[in-house]
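Below: the structure, in structure tokens.
Number of protein chains: 2
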Amino acid sequence: MSKGDDTRATILDHATREAARVGLEGLTIGALAKDLGMSKSGLFAHFASKEALQVQILEAATDQFTDAVIRPALRAPRGLPRIVALFERWLDYLEVRRAEVGCLFLAAAIELDDRPGPARDQLVAQQRDWLEFIASVARAAVTEGHLRDDLDPTQLAHELFGVICAYHHATRLMRDPRALERTRLAFDRLLRDAQPR
Amino acid sequence: MSKGDDTRATILDHATREAARVGLEGLTIGALAKDLGMSKSGLFAHFASKEALQVQILEAATDQFTDAVIRPALRAPRGLPRIVALFERWLDYLEVRRAEVGCLFLAAAIELDDRPGPARDQLVAQQRDWLEFIASVARAAVTEGHLRDDLDPTQLAHELFGVICAYHHATRLMRDPRALERTRLAFDRLLRDAQPR
DNA sequence: GACACGAACGAACGGTCGTTCCATTTTGTC
DNA sequence: GACAAAATGGAACGACCGTTCGTTCGTGTC
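Protein sequence lines correspond, in order, to chains A and B. The first sequence maps to residues 178 to 374 in the numbering used here. The second sequence maps to residues 178 to 374 in the numbering used here.
So, in structure tokens, the structure goes:
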């Protein structure tokens with residue numbers, strides 16, 4: 178890895194955190210450069226434009242999410258355990274960022290939902306992949322006989338997403354100390370309704 | 178209502194829409210003025226600062242939300258019907274804004290969750306009131322015998338919020354044509370689990 | 001007709017934005 | 001150690017930011 182790639186990675190690492198805090202549009206090259214002790218132009222030279230920077234931030238965040246959530250979840254046994262693992266790692270992922278910043282993907286989802294362009298395309302692709310991954314894990318749980326065989330895996334993914342959104346809102350904006358507890362209750366109810374009766 | 182109050186109301190009406198699109202921070206006085214065919218300084222004169230404008234936008238949006246969702250829901254009979262009415266009006270509220278912009282409150286929730294100040298305070302108060310209103314409606318439904326008497330109304334409010342968040346994400350970012358259908362399924366499941374068995 | 005008033009304007013302020021250009025320093029290769 | 005390439009810095013660009021200031025316009029009151 179050359180020196181350039183190295184600094185580029187350092188920039189993106191810091192930028193993913195900052196973007197989660199102030200948004201992809203709220204990011205400024207100048208502030209980023211100051212944080213990292215380099216010049217605006219020196220930092221900018223690593224990216225063709227701010228838009229390209231935003232896309233690369235989303236790519237870097239996707240890699241981080243994969244390492245922190247998807248890969249560990251895949252180490253859990255197929256079926257119900259893997260769903261639980263996925264949920265727990267997802268919560269961990271948010272928890273790590275809770276005190277400092279929010280979730281970049283949720284922030285970007287709001288920011289980009291009516292702003293067409295490569296950044297939006299990148300985010301939509303990532304979110305689609307993620308939701309489909311959840312659904313595929315649920316589908317496997319059906320095959321294993323852990324979940325109802327008339328379950329709609331996509332519906333479960335959709336609702337699980339809502340459970341996480343509510344958690345983010347409760348813990349980040351409302352500072353609700355019972356947010357985690359409520360989220361586990363919602364998840365339990367989701368799984369209970371999905372299990373064979 | 179004097180001329181000044183009239184213009185101020187016009188500005189806020191337009192600004193609430195714009196803020197839902199580009200965020201409270203993404204708003205600019207200049208763009209707002211151009212949209213309304215007036216000068217920057219003329220528009221700015223109605224507000225002490227941009228921060229004050231943001232607070233007043235949130236106040237105006239709260240009034241709109243009350244008129245569009247809370248008041249109509251209160252016209253439905255106590256208990257289960259009122260919960261359903263509340264949900265339907267909430268969906269309508271989002272649907273009206275779906276094609277054009279997103280939900281200002283969800284956008285602001287992400288934007289302000291780590292930016293202390295009067296705007297954040299205003300939003301937190303509004304969200305707390307709204308969640309407590311949902312909980313109180315659910316509590317009344319318990320009293321009426323429509324819902325399980327061991328139901329936690331606050332938990333129901335929390336989970337209903339998640340259902341709406343998932344809808345917003347699915348319809349706004351993902352452009353999922355089945356978003357509404359999935360949301361009704363999630364709501365049905367929420368109510369089913371809350372009813373006496 | 002003189003006056004006061006709120007409302008809106010135009011110009012300008014200092015600052016920051018993303019971006020460009022070019023010189024300089026650092027790195028990697030023979 | 002020479003030399004090309006890559007990486008970074010410094011200065012500047014035009015555009016726009018929120019905000020301030022003094023002025024002008026229009027309206028209603030005495």
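Built from N, CA and C at the ideal position, the CB exists for glycine as well.
Where residue i falls: helix, strand or coil (DSSP)
i	result
Q372/B	coil
E272/A	helix
F364/A	helix
R325/A	coil
E195/B	helix
F310/B	helix
L202/B	Checking the sequence, you will find Glu at residue 202/B rather than Leu. DSSP places E202/B in coil when its eight states are reduced to three.
E228/B	helix
D290/A	coil
A186/B	helix
S218/A	helix
V319/B	helix
H335/B	helix
A253/B	coil
R352/B	coil
E277/A	coil
H223/A	coil
Span separating the alpha-carbon of residue i from that of residue j
i	j	result
I260/A	V261/B	31 Å
V204/A	E195/A	Rather than Val, the amino acid found at residue 204/A in this sequence is Leu. The alpha-carbon atoms of L204/A and E195/A are separated by roughly 7 Å.
R374/B	R366/B	14 Å
F338/A	K180/B	47 Å
M215/A	F224/B	38 Å
I287/A	L283/B	8 Å
A192/B	R316/A	45 Å
A210/A	G219/A	8 Å
E449/A	L251/A	No statement about residue 449/A is possible, as the shown extent of chain A runs from 178 to 374 and does not include it.
A334/B	A186/A	42 Å
L362/A	D327/B	14 Å
A253/B	D269/B	16 Å
V314/B	D306/B	12 Å
R266/B	E358/A	29 Å
Cβ-Cβ separation, residue j to residue i (assumed contact under 8 Å), whole Å
i	j	result
L189/B	A229/B	Their Cβ separation, rounded to whole angstroms, is 12 Å, which puts L189/B and A229/B out of contact at 8 Å.
F364/A	F264/A	6 Å
P330/B	A312/B	4 Å
Neighbourhood of residue i by C-beta distance below 6 Å, restricted to the same chain and skipping five residues each side
i	result
R349/B	G279
R297/A	L289
A356/B	Y344, A347, T348
L257/B	A318, H323
Q299/A	V232, L235
Q303/A	T239
L182/B	Checking the sequence shown, residue 182/B turns out to be Asp, not Leu. Closer than 6 Å at Cβ, skipping near neighbours: no residue.
Cβ shell of residue i (< 8 Å), same chain only, five flanking positions each side left out
i	result
E336/A	L367
L271/A	C280, I341, Y344, H345, T348
R387/B	A question about residue 387/B goes unanswered here, because the residues of chain B that appear run from 178 up to 374.
G200/B	A284, A285, E288
Cβ neighbours of residue i in the same chain (closer than 7 Å, five flanking residues each side left out)
i	result
L295/B	One detail in the question is off: residue 295/B reads as Pro in this sequence, not Leu. Correct list, in chain order: E228, V232.
R274/A	A197, C280
F310/A	I247
F221/A	I206
Residue i Cβ short of 7 Å to the ligand ADP heavy atom set
i	result
A302/A	Of the ligands one can find in the structure shown there are none, so the ligand ADP has no counterpart to examine.
Using a Cβ-Cβ cut-off of less than 9 Å, list which residues of the stretch 320-344 of chain B approach chain A; keep chain order.
D329, T331, Q332, H335, E336, L337, F338, G339, V340, I341, C342, A343, Y344
Residues of the stretch 222-240 of chain A whose Cβ lies closer than 9 Å to any Cβ of chain B, in chain order
none
Using a Cβ-Cβ cut-off of less than 9 Å, list which residues of the stretch 298-309 of chain A approach chain B; keep chain order.
L300, V301, Q304, R305, L308
Give, in chain order, every residue of the stretch 282-293 of chain B whose Cβ lies closer than 8 Å to some Cβ of chain A.
L283, A284, A286, I287, E288, L289, D290, D291
Along the stretch 200-223 of chain B, what residues have a CB closer than 8 Å to any CB found in chain A?
G200, E202, G203
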